[in-house]
Structures are given as C-alpha cells and as structure tokens.
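Novice: I have a structure I would like to understand better, so I am pasting it below and will then ask my questions one at a time.
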Amino acid sequence: MSEFPQTDLNKVKRLPKRGQYDKKTIYQIVDEALICHVGFVLEGQPFVMPTIHVRIDDTIYLHGAVANRMLTHIKAGNNVCLTMTLIDGIVFARSVFHHNMNYRSAVLFGKGSVIEDYDEKWNIFKALTEHIAKGRWNDARKPTEQETNITTIVAIDIDSASAKIRTGPAKDDEEDYTLSIWAGVMPVQMQFGNPISDEQLAQEIHVPEYILNYKR
Ligand SMILES: Cc1cc2nc3c(=O)[nH]c(=O)nc-3n(C[C@H](O)[C@H](O)[C@H](O)COP(=O)(O)OP(=O)(O)OC[C@H]3O[C@@H](n4cnc5c(N)ncnc54)[C@H](O)[C@@H]3O)c2cc1C
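Residue numbers in the sequence shown follow my numbering, run continuously in steps of one, and reach 1497 at the last position.
What follows is the structure in structure tokens.
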C-alpha cells in the first residue's frame, strides 16, 4: 500500500486540496521533523507532548523513562495521534484575515505496543540516534544494559495518516489587490549554527564531519 485510504478520520475536510495521503509525501515530513507532538487522552484530559521520534517502515518509535506517563499509556495499546510540523514561510497578506503560513504537516493515527526484546531496543536506539544525526551511533558510547533497562520504547503502527501542505503567495480577496499594503512571503528555514565544543573536551578531539556538515 503506497497510499493511506481516505476515511472520516484522516480526510482533510478544511481546504481538502491541501490534503495528501501518499506515504512518500507523508514520510518525508515525518523524517525531516526533529520532533513530533503526541496527542493522547488520560481520564478525559487531553495532553499533547513534544518528543523525539523515529520512523522505521510504517512504525513510529518513541522512547523515554520507564515511569513516563505518556509511554505507559501508549504501551497499554491505546490510540494516539502524532503530528509533525515543518514551517516553510510566513505569508503576509494585504488583509489580516488572509495571513497564513506555508507549511508541511503530517497527522498520524495508530495504536501502541511496547518493545521488550533487548536487541530490538538497541536497533531502535540506533535509529533514534541516526534520526537526529547520521553518523552519531558509530561515534558515541553505546547504551549499557542498565541504561537499556530503564528506558521504555514504544512502537506505534501507523494505521492512518494525512499530510496537509500549503505553498505559494498570499491569497487576498480580489478587491484588496489594489491596496497600498506590502504583501509577500517571509521564507523560514531551520538553521544550524557553529558547533560549540564541550569545555571538558580534550584538545585533540575535533568536531566530526557529520556535525560540521549537519543538515536535515
Ligand atoms: C503551521 C500551521 C499553522 C496553522 N494555523 C492555523 C490557524 O491559525 N487556524 C486554523 O484554523 N488552522 C490552522 N492550521 C491548519 C490546521 O492544522 C487544521 O488543518 C485546520 O484548523 C482544520 O482543522 P479541522 O479539525 O477542522 O480539520 P479537518 O479537515 O476536519 O481534519 C480532518 C482530518 O484531516 C487531517 N488534517 C487536518 N489538518 C491537518 C494538518 N494540518 N496536517 C495533516 N493532516 C491534517 C487529519 O487527519 C484530520 O483528522 C495550521 C496548520 C499548520 C501546519
């Protein structure tokens, strides 16, 4: 299946032409995002938590402390909603009403389960590390048995998903195009600065290539 079926759950109803359902488009957003927001309901109270994620095939993995409330809820097999958002521009229209953003966002739905197998946990530690910076896993000290045991990893199989994408200039009402008001798009990019080496680093340790050339 290369596309998620459109159902009442994932079908974009507001501005449906911005909706996309193919895995390629959705997974590009998922993989580029540094964080995701996890939405879940506990005893009637909704929570939305930002967290690090990684995708392997059609599954999203999250990790954290054994006592983590969100992970405890997910590992019990409950439904969750995950959102990844990338901002590409701020859209300044002539009217306040039509101000907007250019964005690519993905909304994913699925149920959780827990990863107990030690080797599988290690694979996911590796995938999470490489999701943040390709090359880091080989460099960094690997998790100990104790560190592995005190970390919960949950898997969320993606049952349904959508992307919503806005691109292009401001769209004003026809009569507003003659107004003497600046309109346009301020492009937005995620920028990474110069790495700051740790103060306790031995002098002979240089910044690795994958950090110097870091990009997403
Ligand atoms: C950076 C950013 C800023 C935004 N600002 C606003 C704002 O100020 N006001 C506003 O009303 N809306 C804003 N949106 C759009 C917002 O995310 C919703 O799409 C919109 O509010 C419609 O909500 P709804 O519940 O009526 O969606 P519906 O169209 O009823 O949602 C149905 C289904 O469509 C899919 N869907 C809806 N929205 C998205 C999405 N963004 N990404 C992926 N799938 C989606 C989901 O699967 C959802 O279950 C913004 C989006 C982004 C990414």
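C-beta: ideal position from N, C-alpha, C; glycine also.
With C-beta atoms as the reference, is residue 1488 less than 8 Å away from residue 1370?
Specialist: Cβ distance not < 8 Å, so residue 1488 and residue 1370 don't count as in contact.
Novice: With a cut-off of 8 Å on the beta carbons, I'd call residue 1375 and residue 1477 a contact; round off their distance for me.
Specialist: That belief does not hold up - the Cβ atoms of residue 1375 and residue 1477 are roughly 42 Å apart, past 8 Å.
Novice: Relative to the C-alpha of residue 1408, which candidate in 1319, 1493, 1335 has its C-alpha closest?
Specialist: Closest option to residue 1408, Cα to Cα, is 1335.
Novice: Using a C-beta cutoff of 8 Å, does residue 1410 count as contacting chain D?
Specialist: The structure shown contains no chain D; it is built from a single protein chain.
Novice: Counting beta carbon pairs with one atom in the stretch 1332-1348 and one in the stretch 1414-1429, are three or more of them shorter than 8 Å?
Specialist: No: the two stretches stay apart, fewer than three of their Cβ pairs being nearer than 8 Å.
Novice: Shortest alpha-carbon distance to residue 1298 belongs to which of 1405, 1474, 1392, 1446?
Specialist: The candidate whose alpha carbon is nearest that of residue 1298 is 1446.
Novice: Measuring CA to CA, which of 1309, 1392, 1307, 1330 is closest to residue 1318?
Specialist: The candidate whose alpha carbon is nearest that of residue 1318 is 1330.
Novice: Taking the alpha helix (DSSP H) that residue 1410 falls in, what are its first and last residues?
Specialist: Its alpha helix (DSSP H) spans residues 1399-1413.
Novice: Is any non-hydrogen atom of ligand 1 found closer than 7 Å to the C-beta of residue 1347, if you look at the structure I gave you?
Specialist: Result no, Cβ not under 7 Å from ligand 1.
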